[in-house]
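K.L.:
Right, I'll just put the structure down here and ask away after.
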Amino acid sequence: MAEPAVRIPDAKVALSTASVYPESTATAFEIAARLGYDGVEVMVWTDPVSQDIEALRRLSDYHHMPVLAVHAPCLLITQRVWSTDPWTKLQRARSAAERLGATTVVVHPPFRWQRHYARDFVEGVWRMADETDVRFAVENMYPWRYRDREMLAYAPDWDVTKDDYRHFTIDLSHASTARTDALGMLDRMGDRLGHVHLADGRGSAKDEHLVPGRGDQPCAEVLERLAADGFDGHVVIEVNTRRAMSSAEREADLAEALAFTRLHLASGPTGSTGPAGATGPTGSSALWTPRR
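Numbering (UniProt numbering), first residue to last: 1 to 292.
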């Protein structure tokens, strides 16, 4: 029997609620449903709705938009969200994921000044993962830079592949800011890759989170490799739309990101992507013309 011309993995494509900022969590559900995303990842932050499990459940039911992942409140601006104790934050994130039917909790490595948390972090994440079916997928970060100075802000390390975690999240914008090889990081993560934050970057010291295809990261190649490997986790669009001049422009960016992702997740049996017969040095990359 001939192989199918296009093979599409089981990976679901989700919209991070952070992608609509400064719009609300509720707006993210509405846009994700209208554009045809498979679900959402809830970024738990200062928006009260993002912290309210029943409100999230109502949004999910109303829009028929499942919550596929919960991003624990690990940012500087969320230090007081769901307690000031980082372990309590992770416990509440796990509980939220379980109650909402999400399969993944995304967590950042600790800040270096969280010394006690950092010291026990690797072992503690393993312990929490043993207590649930929810994946704790630890996300790669980056050094902080100012002019010629570099500060290692995360511990044990911003490069999470240097430590032993059960599951990883790879974030391509973070890889760009770290100026590290995203494909090499993907290799090191191997079959422990559980979750993807898809965004682009140009190597700026600022975490850019560009729409995929607008920077220099290997977004297409990563998606094509996931497709070839039969990746069955979630690919989450986590982009920055704060500069959008209107709601329509923001929605157009999120539609473009979804189209790019679905296109490159469609993998042919010989590594080509896109419509049957469309080949090139990077699969369908040659067919994609992003709006810059």
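Note that beta-carbon positions come from the ideal geometry of N, C-alpha and C, so glycine has one too. These numbers were taken from a predicted model, which means no experiment stands behind them.
(1) Less than 6 Å between C-beta atoms, sequence neighbours within five positions excluded: which residues of the same chain meet that for alanine 102?
(2) Taking the C-alpha atoms as reference points, what is the distance between leucine 56 and alanine 33?
(3) DSSP three-state call for lysine 206: helix, strand or coil?
(4) Select from Ile170, Asp200, Glu23 and Ala26 the residue whose C-alpha is nearest the C-alpha of valine 138.
(5) With a CB to CB cut of under 8 Å and the five nearest residues on each side skipped, what residues in its chain are close to methionine 20?
(6) Which stretch, first to last residue, makes up the beta strand (DSSP E) that contains threonine 104?
(7) For aspartate 52, which option in Tyr62, Tyr37, Asp38 and Val81 has the closest C-alpha, if you only look at C-alpha atoms?
(8) Can you tell me whether methionine 141 is helix, strand or coil according to DSSP?
(9) Three or more beta-carbon pairs under 8 Å between the segment 183-198 and the segment 131-150, yes or no?
(10) What is the DSSP secondary structure of phenylalanine 29, counted as helix, strand or coil?
(11) With distances taken Cα to Cα, identify the nearest neighbour of alanine 178 among Leu152, Arg166 and Phe168.
(12) Applying the 10 Å Cβ sphere with the 16-neighbour rule, what's the burial state of alanine 248?
(13) Taking its Cβ as the centre, do 16 or more other Cβ atoms sit within 10 Å of histidine 116, making it buried, or is it exposed?
(14) State buried or exposed for arginine 243, treating a residue as buried only when at least 16 other CB atoms are found within 10 Å of its CB.
(15) Straight-line CA distance for proline 212 to phenylalanine 168?
(16) Can you pull the DSSP bridge partners for methionine 12?
(17) If you follow the beta strand (DSSP E) that leucine 198 is part of, which residue opens it and which one closes it?
(18) Can you give the beta carbon distance from proline 9 to leucine 258, rounded, assuming they're within the 8 Å contact cut?
(19) To the nearest angstrom, how far is it from the Cα of lysine 89 to the Cα of histidine 64?
(20) Can you tell me the Cα-Cα spacing of valine 106 and alanine 220, whole angstroms?
(21) Thinking C-beta only, is leucine 265 closer than 8 Å to alanine 11?
(22) Once you ignore the five residues that flank glutamate 98 on each side, which residues in its own chain have a CB closer than 7 Å to its CB?
(23) Quick test of your reading: tyrosine 165 and valine 235, contact by CB under 8 Å. State the CB separation rounded to the nearest angstrom.
(24) Are aspartate 47 and threonine 25 touching if we call contact CB-CB under 8 Å?
(25) So the beta strand (DSSP E) glycine 39 belongs to, where does it begin and stop?
(26) Per DSSP, what kind of secondary structure is valine 122 in: helix, strand or coil?
(27) Would you list the residues sitting across from alanine 69 in a DSSP beta bridge?
P.N.:
Result, derived from the coordinates:
(1) Residues Val67, Leu68, Ala69 and Val70 of the same chain have their beta carbon placed closer than 6 Å to that of alanine 102, with the five preceding and five following residues left out of the count.
(2) Distance between the alpha carbons of leucine 56 and alanine 33 is about 14 Å.
(3) Shown here, lysine 206 sits in coil according to DSSP, grouped into three states, outside any helix or strand.
(4) Sorting Ile170, Asp200, Glu23 and Ala26 by C-alpha distance to the C-alpha of valine 138 places Ile170 at the top.
(5) First, the residue type needs correcting, since residue 20 is valine and not methionine in the sequence shown. Thr27, Ala28, Ile31, Thr241, Arg250 and Leu254, listed in sequence order.
(6) Unbroken beta strand (DSSP E) run through threonine 104: 104-107.
(7) Put simply, of Tyr62, Tyr37, Asp38 and Val81 the residue whose alpha carbon is nearest the alpha carbon of aspartate 52 is Val81.
(8) Three-state DSSP puts methionine 141 in coil, outside helix and strand.
(9) Proximity of the segment 183-198 to the segment 131-150 meets the contact definition, three or more beta-carbon pairs being nearer than 8 Å.
(10) Helix.
(11) Leu152 is the residue among Leu152, Arg166 and Phe168 whose C-alpha sits nearest the C-alpha of alanine 178.
(12) If you draw a 10 Å sphere on the C-beta of alanine 248, you find fewer than 16 other C-beta atoms in it, and that means exposed.
(13) Exposed, since its Cβ has fewer than 16 Cβ neighbours within 10 Å.
(14) Answer is exposed; the Cβ neighbour count stays below 16.
(15) Cα to Cα, proline 212 sits roughly 20 Å from phenylalanine 168.
(16) According to the sequence as given, residue 12 is lysine; it is not methionine. Paired residue(s): His234.
(17) Note, leucine 198: beta strand (DSSP E), 193-198.
(18) Wrong, their Cβ atoms sit about 16 Å apart, outside the cutoff.
(19) So the two alpha carbons sit approximately 27 Å from each other.
(20) Taking the straight line from one Cα to the other gives about 23 Å.
(21) Yes; because the gap between Cβ atoms is below 8 Å, this pair is in contact.
(22) So the qualifying residues of the chain are Thr132 and Val134.
(23) Their Cβ separation, rounded to whole angstroms, is 19 Å, which puts tyrosine 165 and valine 235 out of contact at 8 Å.
(24) Taking 8 Å as the cut-off, the Cβ atoms of aspartate 47 and threonine 25 count as close.
(25) It spans 39-43 - the beta strand (DSSP E) in which glycine 39 sits, taken as one unbroken run.
(26) In the structure shown, valine 122 sits in a helix (DSSP, three-state: H, G or I).
(27) In the DSSP output, where bridge partners are listed per residue, alanine 69 has Glu41 and Thr104.
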